[in-house]
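A short worksheet on the structure shown next.
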Amino acid sequence: MGEAETFAEQRIERVMQLFEPIAGLAPRYSKIAIGITNVNWLVETSDSKYFVKVYGENTSRMIDRESALIASERAGQIGVGPRLIASFSDPGAEVYEFLEGFRNCAAEDLVDPLVRKNVLSAYRKMHALAPLPLTRTGFDQLRQRKALVDAEGIALPEDIHDLLEACQKAEDAALRAGISLSVCHNDSYAPNFMIDANKNVRIVDWEYASNNDRTWDLAMIALSSMLPPGEVDILEEYFGDVPETERAKLVMYGGALAVSWGMWALLQTQYSRIEFDYLAYSGQLFGVARSLIQSEEWEAALCRY
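Note that our numbering has the sequence shown beginning at -2, numbered continuously upward.
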C-alpha cells in the first residue's frame, strides 16, 4: 500500500482503503492479466484472498450497474458465480470471494461434455430467476452500441448498412418466432466460465446482464467457443426437446451478436486504457458477422419466420 505508480494502481489502493474487512491487515495486491473491460486484481492478507474488479473507464456508458450488481449478487447466492462481498462507486469497483482452485476456461474446454453440462446447468438456474430491473434484448444492446459509436464519431466498416439491415431482418424474424425474456448473462465468452479440477463451474462478469432471450446466451457460447455444429448440439443439451423456433434464432443471433460485439470493440478503442488491440478485434468480429450473414443457414433461418 502507498506505493502506487500508475493510475490503475492508485485506483486499486483507493478501493483497498475503502474495503473495511482488510483495514490494518497490510494487504498486498497484484494484477490479474485477464479481462478486456475492467482491471482485475488479487488482493491478499495473511489469511484471506479477494478478487477485485475495478471498472474500466467509461464502461458506465455501456453498463447498467444496478442490474449488473443484482445479477452478480444473485449468481453468488445460488452458487452460479462467486459471492459478491462489496461494491464501491468512487472508484467503481466490486469485491468478490476469490475462487481458489478455479481457472478461466479456454474455448477448447467447452469441447468437454461435462464442462458444457455444468455451464448450461448454471445458465438454467439464472434464466429461471425473477426478472432484473433492466430489459435489454441483444438487439437493444446492438442499437445502444451503435448510438455510442455514432456519438464518438468512430469510423465503421463500409458495409455497416448491409450488416445492420441484416440484423434488423433477424430481429423481425425473431419477434415473429416469439421471444421469451429471462435473466441473461449476455457475455458468454469462454474466459467468463471458471472451472476447477473436478470441472465444477462458476460464471463471472454479469455486467451486461439483462432480461433477454435465453437463446442469445446459447448462441454466444456456440459462436465464441467455435463448437462444431455437426458434433455438438448446444440447444439439445440445454432444452432436451428443442423448440424449432430456437434453432432459427440461434443462427440469426450469432450474426447479430458478432455485429454488436464488433461495435463494442470499436468503442473500447476510445474508452479503454487496457493494452489490447481492440481495432483488430473489431475487424475479426465483423468478419465473423459477414460470414454468418452471408451463409445459407442464415437465409434459411430468416425464411422460416
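Glycine included, every Cβ here is placed at the ideal spot set by N, Cα and C.
Can you grab the Cα-Cα spacing for the pair residue i / residue j, in whole Å?
i: Ile5; j: Val36; result: This sequence places Ala at residue 5; Ile is not what is there. Roughly 7 Å separates the two Cα atoms.
i: Leu224; j: Ala187; result: 11 Å
i: Gly76; j: Ile200; result: 9 Å
i: Gln138; j: Gln74; result: 27 Å
i: Leu126; j: Ile60; result: 20 Å
i: Glu105; j: Tyr250; result: 22 Å
i: Arg25; j: Thr42; result: 6 Å
i: Pro154; j: Glu17; result: 48 Å
i: Gly237; j: Ser222; result: 21 Å
i: Leu81; j: Glu293; result: 44 Å
i: Ala194; j: Gln165; result: 43 Å
i: Ile218; j: Asn183; result: 10 Å
i: Arg100; j: Lys196; result: 10 Å
i: Asp230; j: Ala174; result: 20 Å
i: Thr56; j: Asp159; result: 28 Å
i: Leu263; j: Phe283; result: 11 Å
i: Gln141; j: Leu22; result: 43 Å
i: Ala152; j: Gln281; result: 16 Å
i: Gln7; j: Leu15; result: 13 Å
i: Tyr47; j: Thr3; result: 21 Å
i: Gly157; j: Asp147; result: Before going further, note that residue 157 is Ile rather than Gly in the sequence given. Near 12 Å, if we compare the C-alpha coordinates of Asp147 and Ile157.
i: Arg270; j: Val248; result: 34 Å
i: Leu161; j: Val51; result: 33 Å
i: Val239; j: Asp169; result: 21 Å
i: Ser279; j: Val112; result: 28 Å
i: Ala297; j: Gly98; result: 44 Å
For a quick check, are the C-beta atoms of residue i and residue j less than 8 Å apart?
i: Leu215; j: Leu232; result: yes
i: Ala255; j: Leu299; result: no
i: Val49; j: Ile19; result: no
i: Leu129; j: Asn208; result: yes
i: Val92; j: Ala83; result: yes
i: Gly259; j: Ala277; result: no
i: Phe85; j: Val12; result: yes
i: Ile33; j: Phe273; result: yes
i: Ser45; j: Trp38; result: no
i: Leu96; j: Pro79; result: yes
i: Gln267; j: Glu149; result: yes
i: Gly135; j: Trp213; result: yes
Report the three-state DSSP secondary structure of residue i (helix, strand or coil).
i: Arg133; result: coil
i: Trp38; result: strand
i: Glu155; result: coil
i: Asn189; result: helix
i: Leu96; result: coil
i: Asn115; result: helix
i: Ser292; result: coil
i: Lys28; result: strand
i: Leu145; result: helix
i: Tyr302; result: coil
i: Lys196; result: coil
i: Ser84; result: strand
i: Phe283; result: helix
i: Leu172; result: helix
i: Leu254; result: helix
i: Leu22; result: coil
i: Gly73; result: helix
i: Leu247; result: helix
i: Leu224; result: coil
i: Val108; result: helix
Since residue i contacts residue j with CB under 8 Å, what's their CB separation in whole angstroms?
i: Val180; j: Met123; result: 5 Å
i: Ala90; j: Ala167; result: The Cβ separation is near 36 Å, so there is no contact.
i: Ala65; j: Glu204; result: 5 Å
i: Glu234; j: Lys143; result: At roughly 32 Å, the Cβ-Cβ gap does not stay under 8 Å, so Glu234 and Lys143 are not in contact.
i: Ala206; j: Ala119; result: The pair is not a contact, with the Cβ atoms about 13 Å apart (cut-off 8 Å).
i: Gln265; j: Tyr275; result: 4 Å
When the Cα of residue i is compared with those of the options, which residue comes out closest?
i: Met191; options: Ile31, Pro24, Tyr275; result: Ile31
i: Asp210; options: Asp230, Leu178, Phe95, Ala194; result: Leu178
i: Glu241; options: Gln291, Ala171, His182; result: Ala171
i: Lys246; options: Lys28, Arg301, Glu2; result: Arg301
i: Arg121; options: Ala72, Pro88, Leu264; result: Ala72
i: Glu54; options: Gly78, Ala68, Tyr47, Asp87; result: Asp87
i: Ala163; options: Gln7, Trp295, Thr3; result: Trp295
i: Ser185; options: Gly98, Arg58, Val116; result: Val116
i: Asp63; options: Arg270, Leu131, Ser257; result: The residue you asked about is not Asp; residue 63 is Glu in the sequence shown. Among Arg270, Leu131, Ser257, the Cα nearest to that of Glu63 belongs to Leu131.
i: Glu228; options: Leu161, Glu243, Pro110; result: Pro110
i: Ser257; options: Thr3, Leu145, Glu70, Tyr52; result: Leu145
i: Glu243; options: Asp202, Ile271, Ile176, Arg270; result: Ile176
i: Glu70; options: Gly98, Ser279, Asp202; result: Asp202
Within the present structure, is the beta-carbon of residue i separated from the nearest heavy atom of the ligand COA by less than 7 Å?
i: Met217; result: Only the bare structure without any ligand can be found here, which leaves the ligand COA out of the picture.
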